[in-house]
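All residue numbers for the sequence shown refer to our numbering, where the first residue is 348 and numbers rise by one.
The next block holds one structure in the form of structure tokens; read it before the comments.
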Amino acid sequence: MRVVIAGGHGKIALLVERLLAGRGDQAVGLIRNPAQVADVRKAGAEAVVCDLEAASAEDVTALLAGADAVVFAAGAGPGSGAPRKDTVDRAASVLMAGAAERAGVRRFVQVSSMGAGQPPAPGRGEVGAAYITAKTAAEADLRARDLDWTILRPGSLTDAPATGRVRLAPPPVPGGRVPRADVAAVIAALLDTPGTRHQTLELVGGDSPVAKAVRSLS
Ligand SMILES: NC(=O)c1ccc[n+]([C@@H]2O[C@H](COP(=O)([O-])OP(=O)(O)OC[C@H]3O[C@@H](n4cnc5c(N)ncnc54)[C@H](OP(=O)(O)O)[C@@H]3O)[C@@H](O)[C@H]2O)c1
């Protein structure tokens, strides 16, 4: 399986790339900074430089030729302001999803966030509200497309080692933390489980082995 990952040098993306390479799949990480090529290659993936806030729809469509799936794991990140929540967390996902449709790549796993799908909680602040608004709009865009999408909403991410065990279910799941390594394992399993298409799933730490949790939803 050839999987194109938007935000290919992100913490989750690098973990997904390692898992895919380890099981013999081909991962392609889209990055905007050429200095990150070596890290992406070290994770076992092909690196392609593509700034998703500058690329045209045609450019991205061409990059998806021959792919079997797309993972959207990009994000403007914690240091960014409200405008980049819109240009990355919303618009880059819209760009990737439109390109997937045009390129005929049906499988699309989108990393969203718990809290999306509802109005931003009061007290989140301007940037936090822009983030939730952007994720909600990206989800709505994806649901409206003729793609085999799965929307994954993790809780608060940590860099703790993988536990291999999660709580994964349609909303509402009570908020909690989840290691990025477990998120990556869930993404790899979702890619292998087309029966999870057209589902929105929330993810926190839990008791179910990843493979079982994903299989039970298909
Ligand atoms: N933090 C949390 O607790 C939390 C909770 C739920 C969901 N999430 C979501 O989970 C996702 C992944 O999280 P993570 O921790 O792996 O994120 P991360 O390490 O910040 O990775 C995001 C990646 O997106 C890339 N990116 C930003 N703008 C780009 C552009 N214009 N073109 C191409 N790539 C671009 C960044 O590249 P650069 O290095 O070039 O900036 C970075 O590699 C994000 O969408 C985040 O919003 C986070």
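Glycine residues also receive a C-beta, built at the ideal position from the N, C-alpha and C atoms.
For Glu-393, verify whether its CB is less than 6 Å away from any heavy atom of ligand 1.
No, Cβ of Glu-393 sits at least 6 Å from all heavy atoms of ligand 1.
Pairwise C-alpha distance: Arg-437 and Ala-417
The question names Ala, yet the displayed sequence has Val at residue 417. As the crow flies, the alpha-carbon of Val-417 is around 16 Å from that of Arg-437.
Cβ of Ala-421 versus every heavy atom of ligand 1: is any distance shorter than 6 Å?
It does: the Cβ of Ala-421 is within 6 Å (strictly closer) of some heavy atom of ligand 1.
For Ser-427, is the beta carbon positioned less than 6 Å from some heavy atom of ligand 1?
For Ser-427, the CB stays at least 6 Å from every heavy atom of ligand 1.
Cβ of Pro-526 within 6 Å of any heavy atom in ligand 1?
No - ligand 1 has no heavy atom lying nearer than 6 Å to the Cβ of Pro-526.
Option in Ala-446, Gly-472 and Pro-466 with minimal Cα separation from Leu-489
Nearest option by C-alpha distance: Ala-446.
Closest Cα partner of Thr-497 within the set Pro-517, Asn-380, Ile-479 and Ala-360
Closest in C-alpha terms to Thr-497, from the list Pro-517, Asn-380, Ile-479 and Ala-360, comes Pro-517.
Anyone know if the C-beta pair for Gly-376 and Gly-355 falls short of 7 Å?
In terms of Cβ geometry, Gly-376 and Gly-355 form a close pair [threshold 7 Å].
Quick check on the DSSP output: the beta strand (DSSP E) that includes Gly-451 runs from which residue to which?
Counting along the chain, Gly-451 falls outside any beta strand (DSSP E), and DSSP gives it neither H nor E.
My guess is that Val-456 and Leu-538 are in contact by the Cβ rule of under 8 Å, so how many angstroms apart are they, rounded?
Val-456 to Leu-538, Cβ: 6 Å. Contact.
Would you give the residue range spanned by the beta strand (DSSP E) that Val-396 belongs to?
Residues 393 to 396.
Cβ of Val-384 within 6 Å of any heavy atom in ligand 1?
No, since every heavy atom of ligand 1 falls outside the 6 Å radius drawn around the Cβ of Val-384.
Among residues of its own chain, excluding the 5 on either side of Ser-459, which ones have a beta-carbon nearer than 6 Å to its beta-carbon?
So the qualifying residues of the chain are Lys-482, Glu-486, Ile-498 and Arg-500.
Using the DSSP secondary-structure output, state which residues sit across from Ile-378 in a beta bridge.
Paired residues: Val-396.
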